[in-house]
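Here my numbering is used: the first residue of the sequence shown is 12, the next is one more, and so on.
We treat Cβ as the ideally placed atom computed from N, Cα and C, and that holds for glycine.
Being a predicted model, the structure only gives us computed values, none of them experimental.
Following: one structure in structure tokens, then a few remarks.
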Amino acid sequence: MSLYLGLDSSTQGLTATLIEVDGPHRRIVLTRALRYDEDLPAYGTRHGVLPSADPAVVHAPPLMWAEALERIMASLAREPGIDWRQLRAVSGSGQQHGSVYLNARARARLEALSPDRPLTAQLEDVLSRKTAPIWMDSSTTPQCAAIEQALGGPAGVARLTGSRAYERFTGPQIRKFAEEDPGGYSATERIHLVSSWMASLLAGRHAAIDHGDGSGMNLMDLARKEWAQTALEATAPALASRLPALAPSWTIVGPLAPFWCRRFGLPPARVVAWSGDNPCSMVGTGLIREGLVAISLGTSDTIFGPMRSARPSDDGTGHVFASPTGTYMGMTVFKNGSLARERVRDEHGLDWSGFGDALRRTPAGNGGAMMLPWFDPEITPLVLAPGVRRFDLDPRDAPANVRAVVEAQMLAMVRHSRWMNVGIQSIYATGGAATNRDVLQVMADVFDAAVYQFAAANSAALGAALRALHADALASRTPMSWEEVVAGFAEPVADSRVSPIREHVERYRPLLELYAQRERQAVQSPTPANP
Ligand code: XUL
12 MSLYLGLDSS TQGLTATLIE VDGPHRRIVL TRALRYDEDL PAYGTRHGVL
62 PSADPAVVHA PPLMWAEALE RIMASLAREP GIDWRQLRAV SGSGQQHGSV
112 YLNARARARL EALSPDRPLT AQLEDVLSRK TAPIWMDSST TPQCAAIEQA
162 LGGPAGVARL TGSRAYERFT GPQIRKFAEE DPGGYSATER IHLVSSWMAS
212 LLAGRHAAID HGDGSGMNLM DLARKEWAQT ALEATAPALA SRLPALAPSW
262 TIVGPLAPFW CRRFGLPPAR VVAWSGDNPC SMVGTGLIRE GLVAISLGTS
312 DTIFGPMRSA RPSDDGTGHV FASPTGTYMG MTVFKNGSLA RERVRDEHGL
362 DWSGFGDALR RTPAGNGGAM MLPWFDPEIT PLVLAPGVRR FDLDPRDAPA
412 NVRAVVEAQM LAMVRHSRWM NVGIQSIYAT GGAATNRDVL QVMADVFDAA
462 VYQFAAANSA ALGAALRALH ADALASRTPM SWEEVVAGFA EPVADSRVSP
512 IREHVERYRP LLELYAQRER QAVQSPTPAN P
């Protein structure tokens, strides 16, 4: 019997999923989570990010993520009934794109972490930039323009790196830091992603960036899976020396550092390179073949699925990433995901059950009422000045607003996932809101596809645990196919199928076009039409 641990360092909290594998016998032993706002209030975050006067600037404290890691490992080690000697490997999933800037002291500090003192107390002076810009940051439009200009326009950047230059991607964020704080940039010896920062803490040394998360930087040559020299040059001076190595997602970056073993009685299990949350969710939802897609309804909503070959979109929508399974994945991201649903829920004083009731009480198509739910700046389509637009929708009508936000999100997902050109027949729904079958009915109807739920609420943490299993098998010279890795774990809940309702599907067909028209117009007009 072997244990594998998957950790998910996400925007709002840290989740741990421990799995047990004994030949065909497989089970999730436990899932534990902590939330930054409530469990680590000293950092002063709200929804996991620091308050900011400028809505385009969104940062978080890297030491908060480190403290969360120590807290969760401490509480896992205290769990009754777990034989930690069986822990073979640990891997993780990080919110994508966020970057951590470390000075020359970091290497020695990481390598000499004392088990007698808390982690953060030993890392206080290793940051060359106090805070980490994260994926919600949209403040780098000029840097994106400069990078695109240097690399042959948006299509040139997409051909090289898999995505046009995006505000939240790490390259534009690094360029902004180098421009605005050249002293801080020159004091930076190493720039990590959230994923490689967390892996470095576990391994007690600078860990590599895996190809999956490396694809979210506008810095990696997607075909060659190497740093793209021209992109590095277009981004910041002497960047190559500041980046960790790139490595396949199944790379062992070291054993668990003595800090974890001595402080918490854990064995020197293999630490497997961490990846991004979306690449990990691909594995955690068992998406290992082209044709299946998953929709994750989390802080951001994402739609993604495997691609046999890298086919970046022509119009700059979405991304192609290297997949942790060795092929590729296509993905489109929407920033106004759960936070938009929560805003509507809270504005109307509802709880989630009231939210579901509202969906059941309103007709598919909402009697013509529609919303563009851009409470925050939006990634897809690019909307830098947020503002909610309402069409034939009374802002006080709670049920109609609930339906409007969900329908708009699904209409946008259909529209902006066509570029992937994968015939969508089945959708695996994951993330917090995927427990709500009323939301999933709208998804099934708008996509005209069957939707299945997943038992593991956190597919990214499960995917990380499964990646740990895969890498450990490979390193032990008993490789497992991905089918074998995911079997018995990443399967939809029995009887969870939500089928499209024919009459609703017909009703949504013209609404797809109407939505597209309204979206195009709204993107062109900077101020909300009907705030
Ligand atoms: C992906 C993205 C988000 C974050 C959320 O490109 O920006 O999905 O990974 O954690």
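Alpha carbon of residue i to alpha carbon of residue j, nearest angstrom
i    : j    : result
V264 : R372 : 52 Å
R201 : C272 : 26 Å
L16  : I83  : 12 Å
M394 : A419 : The sequence as given places Val at residue 394; Met does not occur at that position. Answer to the nearest angstrom: the Cα atoms are 15 Å apart.
R3   : L383 : Given a span of 12 to 542 for the chain in the structure shown, any question on residue 3 remains unanswerable.
G182 : T246 : 6 Å
A540 : E135 : Low local confidence applies: a pLDDT of 46 at A540 is under 50, so the model's placement there is unreliable, with the coordinate-based value given in what follows. Going by the C-alpha atoms only, they are around 47 Å apart.
P388 : S149 : 7 Å
P542 : I512 : Residue placement at P542 is flagged as unreliable, the pLDDT there being 43, under the threshold of 50; the coordinate-derived value follows with that caveat. Approximately 32 Å between the Cα atoms of the pair.
G327 : E530 : 16 Å
W238 : G360 : 49 Å
V294 : T152 : 32 Å
S226 : P406 : 40 Å
H319 : T338 : It should be noted that the sequence gives Arg, not His, for residue 319. Whole-angstrom Cα-Cα distance: 6 Å.
L473 : R57  : 26 Å
E159 : L18  : 34 Å
D325 : R43  : 41 Å
E178 : A161 : 16 Å
P129 : I30  : 27 Å
L243 : K187 : 13 Å
L404 : V462 : 28 Å
Residue i (DSSP reduced to helix, strand or coil)
i    : result
M551 : Absent from the model: residue 551. The displayed extent of the chain is 12 to 542, so no value can be given.
T142 : coil
S437 : strand
R175 : coil
E122 : helix
A540 : Caution is warranted here: a pLDDT of 46 is assigned to A540, below 50, making its placement in the model unreliable, and no coordinate value can be reported.
G265 : strand
P165 : helix
M382 : strand
D19  : strand
R281 : strand
S324 : coil
D136 : coil
L393 : coil
T42  : strand
F332 : strand
E502 : coil
V509 : strand
L298 : coil
V355 : helix
S197 : helix
G443 : helix
S492 : coil
A210 : helix
A258 : strand
M12  : coil
V101 : strand
S349 : helix
Boundaries of the beta strand (DSSP E) in which residue i is found, first to last residue
i    : result
D33  : 24 to 33
M342 : 339 to 345
S364 : Note, S364: premise wrong, no beta strand (DSSP E); alpha helix (DSSP H) at 363 to 372.
R253 : Premise fails: R253 is in no beta strand (DSSP E) and is neither H nor E.
F465 : Per DSSP, F465 belongs to no beta strand (DSSP E) and is neither H nor E.
H203 : 201 to 204
L113 : 110 to 113
R401 : 398 to 402
S307 : 303 to 308
Unbroken alpha helix (DSSP H) run spanning residue i, endpoints
i    : result
Y526 : 513 to 535
T181 : 181 to 191
G474 : 470 to 486
Y54  : Here Y54 belongs to no alpha helix (DSSP H), and DSSP marks it neither H nor E.
G316 : Segment 312 to 318 is the beta strand (DSSP E) holding G316; no alpha helix (DSSP H) there.
H222 : 222 to 225
V413 : 409 to 426
S86  : 73 to 89
Interface flag, residue i vs chain D, CB-CB below 7 Å
i    : result
S536 : Among the chains in the structure shown there is no chain D, since it carries only a single protein chain.
Three CB pairs or more closer than 8 Å across the region 421 to 435 and the region 329 to 347: yes
Three or more C-beta pairs below 8 Å linking the region 49 to 56 and the region 133 to 147: no
At least three beta-carbon pairs within less than 8 Å, the region 272 to 290 to the region 195 to 215: yes
Given 8 Å, three or more beta-carbon pairs between the region 303 to 315 and the region 161 to 173: no
Sufficient close CB pairs (3 or more, under 8 Å) joining the region 499 to 509 to the region 30 to 40: yes
contact_flag[the region 113 to 127, the region 189 to 201] where n(CB pairs < 8 Å) is 3 or more: yes
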